[in-house]
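Numbered according to my numbering, the sequence shown spans residues 51 to 351.
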Amino acid sequence: MTEPRRAESIPECCTLQANGLEFGALALGEGPLVLCLHGFPDTAWSFVPVMRRLAPAGYRVVAPFMRGYAPTAVPADGDYRVTTLADDVLGLVDALGGRAAAVIGHDWGSVAAHLAVLRRPEGIERLVACAVPHPGHFLFRPRLRQLRRSWYMAYFQLRGLPERRILADDFRWLEQLIRSWSPGWEFQPADLAPLKAGLREPARLAAALGYYRALPRSLAVPGALALLRSAVPVPTLAICGGQDGCIGPEVFEGQAPRYAAGLELFRMELAGHFMQCEQPEAFANRVLAFLRGPAAGGARA
Numbered sequence: 051m052t053e054p055r056r057a058e059s060i061p062e063c064c065t066l067q068a069n070g071l072e073f074g075a076l077a078l079g080e081g082p083l084v085l086c087l088h089g090f091p092d093t094a095w096s097f098v099p100v101m102r103r104l105a106p107a108g109y110r111v112v113a114p115f116m117r118g119y120a121p122t123a124v125p126a127d128g129d130y131r132v133t134t135l136a137d138d139v140l141g142l143v144d145a146l147g148g149r150a151a152a153v154i155g156h157d158w159g160s161v162a163a164h165l166a167v168l169r170r171p172e173g174i175e176r177l178v179a180c181a182v183p184h185p186g187h188f189l190f191r192p193r194l195r196q197l198r199r200s201w202y203m204a205y206f207q208l209r210g211l212p213e214r215r216i217l218a219d220d221f222r223w224l225e226q227l228i229r230s231w232s233p234g235w236e237f238q239p240a241d242l243a244p245l246k247a248g249l250r251e252p253a254r255l256a257a258a259l260g261y262y263r264a265l266p267r268s269l270a271v272p273g274a275l276a277l278l279r280s281a282v283p284v285p286t287l288a289i290c291g292g293q294d295g296c297i298g299p300e301v302f303e304g305q306a307p308r309y310a311a312g313l314e315l316f317r318m319e320l321a322g323h324f325m326q327c328e329q330p331e332a333f334a335n336r337v338l339a340f341l342r343g344p345a346a347g348g349a350r351a
């Protein structure tokens, strides 16, 4: 969420064409491609502290603004189905050279990355899934405690009311939601400035909520349910926050059979939902160890 403050480490802003849409993105470094996908409520800027650590280690790190989030275009058809998000990811990989990439997905970025690797495994060689487990595991193994945490997903199905509530009082309701998800993160006003600037536009706010509103249509896409039940065929690192008030760390348990090439689970005990913002150094170090690790295997979770 935070824009970088040090001029020497400001990523390059670039534009990419993928899946029929124009994407804005931040890029830093040279080497094998690492794609960083943000979620809600967030922007690509939240990955900058992590990018600053991955790029000097020899990686080309690109963080796109997800579809509908400024400066990426708002799709004219309002399509935010998870299969479309997956095609965005694969299109971005193609636009950035076509070679298989490592993908770090946070929140909705994790959902998009999972679906992308399930749709075209050869496009993604490693997956880092943050704050959201395997989508099939999340959807098909509901837990009462998690259903209570996920109340906002039902709330966002309403039309108009969430928009008015979010925009009221300079986003105080949204700030409270973020605090409940990451109770230990003492963010500053500047940390949320890019997010607020983008969501003040009605079309952008509608786009962000459109991800949730598209979920019923996502499940109706032919083959989507079978895809969600499939095992991920590439090595995966799952990162959860021990203090996550959005998706509890217990939801990550028991999902190892859904990862055919091995799953490593890293629980950041003192972090919440936005672990890459709260502890960027520890986050980046664990990701680097995974990227440099063996091609398959790892501790089961």
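Idealized CB from N, CA, C, for every residue including glycine.
Distance, Cα to Cα, residue i vs residue j?
i, j, result
"leucine 66", "leucine 315", "32 Å"
"glutamine 207", "alanine 94", "25 Å"
"proline 285", "proline 183", "14 Å"
"arginine 263", "alanine 256", "10 Å"
"leucine 277", "glutamine 305", "15 Å"
"alanine 107", "leucine 224", "35 Å"
"alanine 354", "aspartate 129", "What is shown of the chain runs 51 to 351, which leaves residue 354 out entirely."
"arginine 350", "serine 280", "Confidence in arginine 350 is poor, its pLDDT being 40 and thus under 50, which makes the residue's placement unreliable; the coordinate value appears in the next sentence. Spanning the two alpha carbons is a distance of roughly 18 Å."
"arginine 170", "leucine 189", "21 Å"
"glycine 118", "aspartate 92", "12 Å"
"isoleucine 216", "leucine 227", "10 Å"
"proline 54", "tyrosine 261", "Note that proline 54 scores a pLDDT of 48, beneath 50, so its modelled location is shaky; the value from the coordinates is reported in the next line. One C-alpha to the other measures close to 27 Å."
"valine 124", "arginine 267", "18 Å"
"leucine 194", "valine 301", "11 Å"
"leucine 287", "glutamine 293", "19 Å"
"valine 398", "alanine 162", "In this structure the chain extends from 51 to 351, so residue 398 is not present and cannot be described."
"arginine 214", "glycine 155", "29 Å"
"glycine 166", "valine 139", "Note on identity: in this sequence residue 166 is alanine, with glycine being the wrong assignment. Computed Cα separation, rounded: 6 Å."
Using a threshold of 9 Å, state whether the C-beta atoms of residue i and residue j are closer than that.
i, j, result
"serine 200", "leucine 87", "no"
"threonine 133", "leucine 71", "no"
"proline 99", "proline 244", "no"
"alanine 145", "glutamate 175", "no"
"tyrosine 111", "proline 192", "The residue asked about is misnamed: residue 111 is valine in this sequence, not tyrosine. The answer is no: Cβ separation not under 9 Å."
"methionine 318", "glycine 295", "no"
"asparagine 69", "aspartate 157", "no"
"alanine 321", "glycine 234", "yes"
"phenylalanine 90", "alanine 311", "no"
"phenylalanine 324", "serine 232", "yes"
"alanine 179", "isoleucine 289", "yes"
"histidine 40", "arginine 102", "Not covered by the structure: residue 40. The range shown for the chain is 51 to 351."
Counting only C-beta atoms, is residue i closer than 9 Å to chain B at any point?
i, result
"proline 266", "The structure shown has no chain B; it contains just one protein chain."
With a threshold of 7 Å on Cβ separation, who are the neighbours of residue i within its own chain once the five nearest residues in sequence on each side are excluded?
i, result
"lysine 415", "Given that the chain is displayed from residue 51 to residue 351, the structure contains no residue 415 and the question cannot be resolved."
"leucine 142", "Leu66, Ala68, Phe73, Leu85 and Pro114"
"tyrosine 109", "Gly79, Gly81, Pro82 and Val84"
Using a Cβ-Cβ cutoff of less than 6 Å, which residues in the same chain neighbour residue i once the five nearest sequence positions on both sides are dropped?
i, result
"arginine 254", "Ala120 and Gly248"
"glutamate 338", "A small correction: the amino acid at residue 338 is leucine; glutamate does not occupy that position in the sequence shown. So the list reads Ala107, once near-sequence residues are dropped."
"phenylalanine 97", "Cys86 and Ala113"
"proline 283", "Pro171, Ala310 and Ala311"
"cysteine 64", "Ala75 and Ala77"
message: Threshold first: 4 residues or longer. Then list the alpha helix (DSSP H) segments lying entirely within the segment 192-253, N to C.
response: 194-199, 201-205, 211-217, 222-231 and 239-249
query: Can you list the alpha helix (DSSP H) stretches of 4 or more residues lying completely in the segment 304-351, in chain order?
result: 325-328 and 330-341
task: Let me know the beta strand (DSSP E) ranges lying completely inside the segment 144-200, each 3 residues or longer, listed in chain order.
output: 151-156 and 174-180
Segments of 4+ residues assigned as alpha helix (DSSP H) that fall wholly inside the segment 85-115: 98-104
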